[in-house]
Amino acid sequence: MMQKSLLLLCVSCMILWGQGYGLTPKQVAPKLYCFFGDLEVPNTKNNGNMVNTCYIDAGEGWIVFDSGPTYLYAKEAFDAMQGIKSQPVLALFNSHVHDDHWLGNGFYHDKGVIIYGPANFSADHLAIPTRIEEAIQPTFYQGTVPVAPDYLISAPRTLTIGHIKLQLLTFSDPAHTSNDLVLFIPSEGVLLAGDLIFNDRLPSLRDGSLKGWLKALERLKRLSWHVVVGGHGYKTGRDAMHFIDTYLHRLYRQVKEAMEEDVEMGEITKRVRLSEYRTMALYDLLHGKNVIKAYEELEWEIE
């Protein structure tokens, strides 16, 4: 107990001395507030604040979608939302296993919040050094302890939390990762898509499936929503899906065409440049890797 009290004191002092994230929520819909991160990978400048997280007003409490990259981030987000409406957090949902989305779980766990997550969340994700820990300043990671969800969601289900009825969507095939969790609120026309939707920067295929991701996007298109928040990027209207859908379709088509012309893996990145995206954030870092990942996946389809 004393250790936790000292931790809270240290984190509070960082915020007081202006050494925190300086998080400011943006109201995206009548009951939805989100924090939008930088269009970068984690580094010592953004300290993991390169992810989008959201709070939903459920009437008698908040519902949180993704806890963010650190304990400090989660605390700052919570404190900022208390300034908008002072009420407890009723539930937290983790969209997938990438650590920038869930390493803030410990803050909510300490408050007794029930945490839901994707079915593939395992002890392995708690036992290894995290990417965030290695990438950011140690002071920002202080107090961050990996905490797994309390309940794993393996199939679609409907929950009523507070005054909000929400649908949890799961996917039978790998998409952005081997198991992604999406939150849909029909009454509000709101879709929280996690990393199934990127805009304003390139996505990463490293842990996913190009074909499965395209299939998941087709499913999301059929839902009746007018506001969507993806895991990265600033667009929130119906056009927010356009980039990721177009990029992945072009990637699929051009890689497949090149393979049918017997272009080998060593040459595929020179052939499939998709240069129309070269000015987009993280193109140089991620596009070539995405091409290789797509080649490896589609190789089985061509043979």
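Under the numbering used here, the first residue of the sequence shown carries the number 1421, and numbering increases by one thereafter. Beta carbons are placed, not taken as given, at the ideal position from N, Cα and C, and that holds for glycine. In this text the structure is predicted, and so the values were computed from the model without any measurement.
From the options, pick the residue whose C-alpha is nearest to that of residue i; which is it?
i	options	result
G1614	G1468, D1486, L1579	D1486
D1530	S1542, H1516, K1505, V1567	V1567
D1682	L1443, E1719, A1494	E1719
N1540	Y1571, K1495, K1676	Y1571
T1689	H1521, N1710, E1696, E1680	N1710
K1631	E1608, D1665, E1553, G1537	D1665
N1467	R1577, E1553, E1717	E1553
V1692	F1455, K1676, Y1493, S1607	K1676
L1611	S1574, Y1491, C1454	C1454
I1712	I1535, T1550, H1521, D1627	D1627
In the structure shown, what three-state DSSP assignment does residue i receive?
i	result
I1688	helix
W1720	helix
W1645	coil
H1652	strand
A1591	As written in the sequence, residue 1591 is Phe, which differs from the Ala given in the question. F1591 falls in the coil class under three-state DSSP.
K1505	coil
T1580	strand
L1426	Confidence in L1426 is poor, its pLDDT being 49 and thus under 50, which makes the residue's placement too unreliable to answer from.
I1564	It should be pointed out that residue 1564 corresponds to Thr in this sequence rather than to Ile. Coil.
Y1447	Sequence inspection shows Gln at residue 1447; the Tyr mentioned does not correspond to that position. In the structure shown, Q1447 sits in a strand (DSSP, three-state: E or B).
D1477	strand
L1601	coil
L1671	helix
K1585	strand
Y1715	helix
F1513	strand
A1575	coil
F1455	strand
R1693	coil
R1698	coil
Going by beta-carbon coordinates alone, are residue i and residue j separated by less than 9 Å?
i	j	result
A1500	P1445	yes
F1663	G1653	yes
V1448	V1484	no
F1591	A1660	no
S1542	L1601	no
F1498	Y1528	yes
G1524	T1564	yes
F1513	L1616	no
P1489	I1556	yes
Y1491	W1482	no
P1450	E1696	no
A1511	I1581	yes
N1469	L1452	no
L1640	V1648	yes
Drop a sphere of 10 angstroms on the beta-carbon of residue i, count the other beta-carbons inside from all chains shown, and report buried for 16 or more, exposed for fewer.
i	result
A1714	buried
R1621	buried
S1624	buried
I1584	buried
L1436	Below a pLDDT of 50, predicted positions are generally treated as unreliable, and L1436, at 43, falls in that range; the measurement from the model is reported next regardless. So L1436 counts as exposed.
G1440	buried
E1496	buried
N1472	buried
M1679	buried
H1669	exposed
H1646	exposed
D1704	exposed
P1569	buried
G1503	exposed
P1558	exposed
L1589	buried
P1594	buried
H1707	buried
S1629	buried
T1464	exposed
Over what stretch of residues does the alpha helix (DSSP H) that includes residue i continue unbroken?
i	result
F1541	From DSSP, F1541 is part of no alpha helix (DSSP H); its letter is neither H nor E.
G1526	1525-1530
I1552	1551-1555
For the beta strand (DSSP E) containing residue i, list its first residue and its last residue.
i	result
D1627	Looking at the DSSP string, D1627 is not in any beta strand (DSSP E), and its letter there is neither H nor E.
W1522	First-last for W1522: undefined, no H or E at that position.
A1613	1610-1618
V1484	1482-1485
Using a C-beta cutoff of 9 Å, does residue i count as contacting chain C?
i	result
K1690	The structure shown contains no chain C; it holds only a single protein chain.
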